[in-house]
Ligand SMILES: Cc1ncc(C[n+]2csc(CCOP(=O)(O)OP(=O)(O)O)c2C)c(N)n1
Ligand SMILES: [Mg+2]
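Residue numbers (our numbering), protein chains in the order written: chain A, 155 to 469; chain B, 871 to 1155.
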């Protein structure tokens, strides 16, 4: 694992679409005037006849994608997380989830690391909104390599799916071989440890790995779980962590309500787990403009915050 | 230009009466549902399923079939009755509309009901969905057509206009939309709730070819559907001038029957009126 190397998951998404587009002729891509940012433009250039520019009309994009899916197409519909979910919740609910349409909603710019655009563009509720929908699978890839693998799995697995990545470059956590057997519905133990399990998703996995290193220098043995599937949640892994480590901390670039932390807490509570538990994420508030690192620092999602929280939790 | 023989048209009219009887029966039994908008949509749906569309009830998923999307999903009874009469499922199912453990949901669902193409009920989605079908047809170079019916009130929804722009942008000449222009929605007359006129000018300014017919005249509808199929490079909107509650005297243009089913007395009266029409039609055949 070499986490100094950086890569952009958005590039990974666009490039993977191009690769898959050659292999699967039924893949079609829709975007709502953000193709340069979401990187679907790469697909648009290679397969213009299978790319649909929908303009700034997200509702129409989602329902159109469902219509395409009803004819056997595999539509990937992309926009920023804020516009790809909240803006079009009703279209996703009826045309995608209720209809079990084979639509893949792939959102970029999730979370607060969108940065300077401010709270209007920092989507911290999407995992919750998508998780509550029956039939919906929810994914949050943690780096560019995992993004590639999960986009492949999305294309080849039937059913409604939502995935979100961030805007920024992200440390590369994996080699391609590490991920050849990953499955939707599972999480991945990235680092093993016995004192605490840090269950993270998306951009926060890299932060958790950094925190794990600092903690080990201080004599704390932390396990890091990359919970790239938010739904269906890998409940077995959560319970295993609860049994094998004394505490669980969830970390997500998302509201603490209803996302990864919410999902994990439901499993722990229903299983009567006595394990100490804490959710890290955005504390039920809108954030603000700023550099991603400044925002992580101010809103409690930086590596030092994780280290501090773990120490307090296991005390 | 009307060119269909009298008997052929009378037969479709007779089918329309049968569908209306099903609708009344279904809503009476279900003790809920939407009579007004179901009744105004009858002739168009009959024209599509019993004459114009290429579809096969024995093979509902035939990739080459024409598709119909009922965007105004609250008219589900009309669609269900047509599907049952075509043979997609047993007519007996109709009597179980909206009952627990039964197939026919209050609004159309594509996952459980043979012949239903799109799940609707939340107004404003269907035209976009139909666009998706039309785009797939173009991509696959298939010559099926897609039909979609929207309510006039439904076109208050912003998404309808996103879809209107999109269909014209992509030159979806394999798409025909029909608007059930009955001038009523729930809170009142469409022109009082949120003005729609000129419906014709709005759609044509969005790049659509627009036709206007008496939405209860089967022959006019059939001719318009044919004209629409021959149109190139642009989608067609057929304005169906209709009467909400059509066919039942006391429901016609009566806003109270948008979402209220007939009670026992109304049910009997309605069936009696339809029986009379049916007998008169049968006598001509
Ligand atoms: C998005 C949405 N908003 C509100 C409703 C509730 N509703 C059901 S029918 C209806 C009126 C529809 O009027 P119109 O489209 O003119 O239909 P019709 O007259 O043919 O019944 C409304 C507001 C709904 N089903 N979906
Ligand atoms: Mg109306």
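For every residue, glycine included, the Cβ atom is placed at its ideal position computed from N, Cα and C. Note that the structure is predicted; figures quoted are calculated from it, not measured.
Along chain B, which residues have their Cβ under 7 Å away from the Cβ of residue 244(A)?
Result: 992.
Does the distance between the C-beta of residue 907(B) and the nearest non-hydrogen atom of ligand 2 fall short of 7 Å?
Taking 7 Å as the cut-off, the C-beta of residue 907(B) counts as close to a heavy atom of ligand 2.
Have a look at residue 333(A) and residue 200(A) and give me their C-alpha separation to the nearest angstrom.
Going by the C-alpha atoms only, they are around 27 Å apart.
Assigned secondary structure, residue 1174(B) (DSSP; H/G/I helix, E/B strand, else coil)
Here chain B has residues from 871 to 1155 only, and residue 1174(B) is not among them.
Tell me, please, whether the CB atom of residue 995(B) is closer than 8 Å to any CB atom in chain A?
Output row for residue 995(B): interface = yes.
For ligand 2, I want to know if residue 1008(B) counts as a neighbour, meaning its beta carbon is within less than 7 Å of at least one of the ligand's heavy atoms.
If you check the C-beta of residue 1008(B) against ligand 2, you find no heavy atom less than 7 Å away.
Quick one: measure Cβ to Cβ for residue 1115(B) and residue 906(B), integer angstroms, because I've assumed they're closer than 8 Å.
About 5 Å separates the two Cβ atoms, so the contact holds.
Quick one: is the Cβ of residue 1110(B) within less than 7 Å of any heavy atom of ligand 2?
Because no heavy atom of ligand 2 lies under 7 Å away, the Cβ of residue 1110(B) does not count as near it: no.
By alpha-carbon positions, which one of 894(B), 1043(B), 1068(B), 1048(B) ends up nearest to residue 965(B)?
Answer by Cα proximity: 894(B).
Assuming residue 352(A) and residue 366(A) form a contact by the criterion Cβ under 8 Å, report the distance between their Cβ atoms to the nearest whole angstrom.
Yes, they are in contact, since the Cβ atoms of residue 352(A) and residue 366(A) sit about 7 Å apart, within 8 Å.
Does the region 446 to 456 of chain A come close enough to the region 258 to 268 of chain A to have 3 or more Cβ pairs within less than 8 Å?
Yes, since at least three Cβ pairs between the region 446 to 456 of chain A and the region 258 to 268 of chain A fall closer than 8 Å, the two stretches touch.
What residues from the region 160 to 190 of chain A come within 8 Å of chain B, judged by C-beta to C-beta, listed N to C?
From the region 160 to 190 of chain A, only 182 have a Cβ closer than 8 Å to chain B.
Contact set between the region 979 to 990 of chain B and chain A, restricted to residues whose Cβ is under 8 Å from the partner:
Correct list: 979, 980, 981, 987, 988, 989, 990.
Counting C-beta neighbours from all protein chains within 10 Å, is the total for residue 1044(B) 16 or more, i.e. buried, or is it exposed?
Buried, since its Cβ has 16 or more Cβ neighbours within 10 Å.
Measure the C-alpha to C-alpha separation of residue 328(A) and residue 304(A) and round it to an integer number of angstroms.
Rounded to the nearest angstrom, the two C-alpha atoms are 13 Å apart.
Can you list, in chain order, the residues of its chain with a C-beta nearer than 6 Å to that of residue 1007(B)? Leave out the 5 residues immediately preceding and following it.
If we look at residue 1007(B) and ignore the five residues flanking it on each side, its Cβ neighbours are 1014, 1044.
Just the chain B side, please: which residues come within less than 8 Å of residue 248(A) by C-beta, in chain order?
Near residue 248(A) (Cβ distances below 8 Å), the residues of chain B are 989, 990, 991, 992, 995.
8 Å Cβ shell around residue 473(A) - same chain, five flanking residues per side excluded:
Since the displayed chain A opens at 155 and closes at 469, residue 473(A) lies outside it and no answer follows.
Can you find a heavy atom of ligand 1 that lies under 7 Å from the Cβ of residue 1116(B)?
False, no ligand heavy atom lies under 7 Å from that Cβ.
Taking only three categories from DSSP, how would you classify residue 1109(B)?
If DSSP states are grouped into helix, strand and coil, residue 1109(B) belongs with the strands.
Just checking, does the region 275 to 283 of chain A make contact with the region 229 to 240 of chain A on the three C-beta pairs under 8 Å criterion?
Output reads yes: the region 229 to 240 of chain A touches the region 275 to 283 of chain A.
Which first and last residues belong to the beta strand (DSSP E) in which residue 351(A) is found?
Element bounds for residue 351(A): 350 to 354.
Anything in chain B within Cβ reach of residue 227(A), meaning under 7 Å, just list it in chain order.
Under a criterion of Cβ atoms nearer than 7 Å, the residues of chain B adjacent to residue 227(A) are, in order, 1006.
Residue burial classification, residue 249(A) (beta-carbon count within 10 angstroms, cutoff 16)
Buried: at least 16 other Cβ atoms inside 10 Å.
Return the chain-ordered ranges of every beta strand (DSSP E) run that is complete within the region 980 to 1063 of chain B and spans a minimum of 3 residues.
The DSSP assignment places complete beta strand (DSSP E) segments of no fewer than 3 residues inside the region 980 to 1063 of chain B at 1016 to 1021, 1045 to 1051, in order along the chain.
Using DSSP bridges, identify the partner residues of residue 230(A).
BP columns for residue 230(A) point to 183(A), 258(A).
8 Å Cβ cutoff, residue 966(B) in contact with chain A
No - not a single Cβ of chain A is within 8 Å of the one on residue 966(B).
Taking 8 Å as the CB-CB limit, is residue 315(A) close to chain B?
With 8 Å as the cut-off, residue 315(A) does not count as an interface residue toward chain B.
Can you find a CB in chain A that lies within less than 8 Å of the CB of residue 1076(B)?
The beta carbon of residue 1076(B) does not come within 8 Å of any beta carbon belonging to chain A, so the residue lies off that interface.
Give me the DSSP bridge partner(s) of residue 434(A).
BP columns for residue 434(A) point to 405(A).
Please identify, using Cβ separations under 7 Å, the residues of the region 205 to 216 of chain A that lie next to chain B, in order along the chain.
Hits within the stretch, in order: 206, 208, 211, 213, 214.
Looking only at its chain, what residues have a beta carbon closer than 8 Å to the beta carbon of residue 379(A), apart from the 5 residues adjacent to it on each side?
Same-chain partners within the cutoff: 341, 342, 343, 344, 351, 352, 353, 354, 391, 395.
Report the rounded CA-to-CA distance for residue 1096(B) versus residue 904(B), giving the unit in angstroms.
About 30 Å.
Assuming residue 172(A) and residue 205(A) form a contact by the criterion Cβ under 8 Å, report the distance between their Cβ atoms to the nearest whole angstrom.
Actually they do not touch by this definition, with Cβ atoms about 11 Å apart.
So, does the CB of residue 1194(B) fall closer than 8 Å to a CB anywhere in chain A?
Since the first residue of chain B shown is 871 and the last is 1155, residue 1194(B) is not available in this structure.
What I want to know is whether the C-beta of residue 904(B) ends up closer than 7 Å to one or more non-hydrogen atoms of ligand 1.
Distance from the C-beta of residue 904(B) to the nearest heavy atom of ligand 1 is below 7 Å.
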